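The structure appears below as structure tokens.
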Ligand code: HEM
């Protein structure tokens, strides 16, 4: 039967408002009313989007590499990332970029960034005031931005780095607000003026800095000795032997910034919020980072945090062929996405699904399609291993140096920032330097080859 699963009867404007303002109650009420799969209709779109939460359905969706992207991703991100972004291209063009960009992001390469990430984290942590309320989220944004500037862009010129440090957050902030997302959808619906036009001047300033960086890299006789990801991308070649042109390198740099900065900072802020609300887990993790006896609990904490607080709520596809699903046949052309939050809170996959229990991942890794914070298939997050590694280094340094307490009694609630689910008040904590800290731990291990944890990208 080629009908879509049922969904809320409200007009698209109401569904959009509920999704933008209170996404979790919206999705949970749909689950209660319609079960594992339902169709929602957002303003500015002519066809509904089917949301799924059953791992078998997600597997069926993600294992067909031919499906395209729903238009939402391009509407929100194209003005900033540019038309050649690996996150936005489809089909053969996407796969060619992905092949080129995968090697620098492989798990085993991450050790090369250990010192950089640690230096950035330590500098930030040492600047935290003691005994006063502090929001973790903006502090982690500073860390992840600096890590991208150094490890991905490889900017060594101090003045240029300072300019980018000022300009890039403006670009990111200007695209983050819910009201801007409303305006973009309204302009699409009523063909109004582009609400993102104001970004052009800012983008031009950033582009000039990035093109200067790329030009220097091309002229560098010792380019193949450099470790940063831009250098590896300048050297990389497509199958026909050609490399990326400057404009494409610029698009990929902004893509990596936008995809990797806010997401990782948000995941770190959520992890901090969960830890300060669960003293037993915080104590156990602190004990682990104080010794040199592996990082099993740290990995479990990160996996559980990304389960219970998935940063990116949707990672959808536009079907290029029919998809069989729970008695329905979704026709080619339908937009379909896992509702990641709903998958991660299924009681059949996770007993006591709303409880933060890292122990559940100590002996068992999550199943591939029951744990999808990084999406899946040939579009699975390219930076998953990078994010996992960065989180482990930053959390290790944070707990080795700081004692953390919650500054407010209740746990953070979810708000939207751009395409992410973010902690509403920025995770407010009070921290003290640890007088008792043990300096023994020296390095965070790369994920061994072949082990796909929070993890090595597929495809
Ligand atoms: C905790 C942090 C992160 C989360 C939760 C996250 C999540 C995601 C998700 C859900 C997708 C879409 C996958 C799909 O459609 O199946 C994605 C794609 C992507 N991410 Fe991440 N990401 C994170 C960190 C990073 C980092 C650090 C980088 C790079 C520095 C990065 C680069 C990318 C790129 C390039 C894509 C596009 C892949 C493609 O379309 O082939 N991400 N990410």
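Numbering (the numbering used here), first residue to last: 845 to 1303. Virtual Cβ for every residue (Gly too), placed ideally from N, Cα, C. Being a predicted model, the structure only gives us computed values, none of them experimental.
Cβ-based neighbour list, residue 870, same chain, cut-off 6 Å, excluding 5 preceding and 5 following: Excluding the 5 residues flanking it on each side, residue 870 has same chain C-beta neighbours closer than 6 Å at 862 and 863, in chain order.
Pocket of the ligand HEM (residues with CB nearer than 6 Å to any heavy atom), chain order: This selection yields 930, 931, 942, 996, 1099, 1100, 1103, 1104, 1107, 1108, 1111, 1155, 1156, 1159, 1217, 1218, 1219, 1220, 1223, 1224, 1225, 1226, 1227, 1230 and 1231.
For residue 1220, count neighbouring C-beta atoms within 10 Å of its own C-beta (all shown protein chains included) and say buried if the count is 16 or more, exposed if not. Classification for residue 1220: buried.
Going by DSSP, what residue range makes up the alpha helix (DSSP H) through residue 863? Where residue 863 is concerned, the enclosing alpha helix (DSSP H) starts and stops at 856 to 865.
Spatial distance of residue 1125 from residue 920 (CA atoms): In a straight line, the C-alpha of residue 1125 is about 37 Å away from that of residue 920.
Among 883, 1161, 1194 and 944, which residue has its Cα nearest to the Cα of residue 1084? The option with the nearest alpha carbon to residue 1084 is 944.
Looking at the secondary structure, which residues open and close the beta strand (DSSP E) in which residue 977 lies? Its beta strand (DSSP E) spans residues 977 to 979.
For residue 1017, the nearest candidate out of 994, 1163 and 1047 (CA to CA): When only C-alpha atoms are compared, the closest one is 1047.
Please state if the CB of residue 1003 and the CB of residue 1072 are separated by a distance shorter than 8 Å. No Cβ-Cβ contact shorter than 8 Å links residue 1072 with residue 1003.
For chain C, check one thing: does any of its Cβ atoms lie closer than 8 Å to the Cβ of residue 1119? Checking the listed chains, one finds no chain C in this structure; it contains a single protein chain.
Under DSSP, the alpha helix (DSSP H) around residue 1211 begins and ends at which residues? For residue 1211, there is no enclosing alpha helix (DSSP H), as DSSP marks it with neither H nor E.
Nearest residue (CA-CA) to residue 1065, options 976, 1078, 1199 and 1090: Shortest Cα-Cα distance from residue 1065 to any of 976, 1078, 1199 and 1090 involves 1078.
Residue 1236 and residue 1278 - do their beta-carbons sit closer together than 8 Å? Not a contact, by the Cβ cut-off of 8 Å.
Sequence-distant residues of the same chain with beta carbon closer than 7 Å to residue 1263, five excluded per side: The residues are 920 and 1156.
Continuous beta strand (DSSP E) stretch holding residue 1273: start and end: Judged by DSSP secondary structure, residue 1273 falls within the beta strand (DSSP E) whose first and last residues are 1272 to 1277.
Thinking C-alpha only, which one of 1260, 1093, 1269 and 913 is nearest residue 1251? Residue 1269 holds the alpha-carbon nearest to the alpha-carbon of residue 1251 among 1260, 1093, 1269 and 913.
Spatial neighbours of residue 1197 within its chain, please: CB distance less than 6 Å, with the 5 preceding and 5 following residues excluded, ordered by chain position. Answer for residue 1197: 1189 and 1191, listed in chain order.
Excluding the five sequence neighbours on either side, which residues of its own chain have a C-beta within less than 7 Å of the C-beta of residue 941, listed in chain order? Answer for residue 941: 930 and 933, listed in chain order.
So for residue 889, helix, strand or coil by DSSP? Secondary structure at residue 889: coil, using DSSP grouped into helix, strand and coil.
Any idea what DSSP makes of residue 1245, helix, strand or coil? In the structure shown, residue 1245 adopts helical secondary structure according to DSSP, grouped into three states.
Please classify residue 1182: does DSSP put it in a helix, a strand, or coil? Strand.
Three-pair Cβ contact test at 8 Å for the region 1134 to 1144 versus the region 870 to 881: Flag = no, the region 1134 to 1144 and the region 870 to 881 do not touch.
Helix, strand or coil: how does DSSP classify residue 884 here? Looking at residue 884 - three-state DSSP - the assignment turns out to be strand.
For residue 1191, which three-state DSSP category applies? In the structure shown, the three-state DSSP call for residue 1191 is coil.
Would residue 980 and residue 1116 be called neighbours here (beta carbons separated by less than 8 Å)? Yes, the Cβ-Cβ distance between residue 980 and residue 1116 is below 8 Å.
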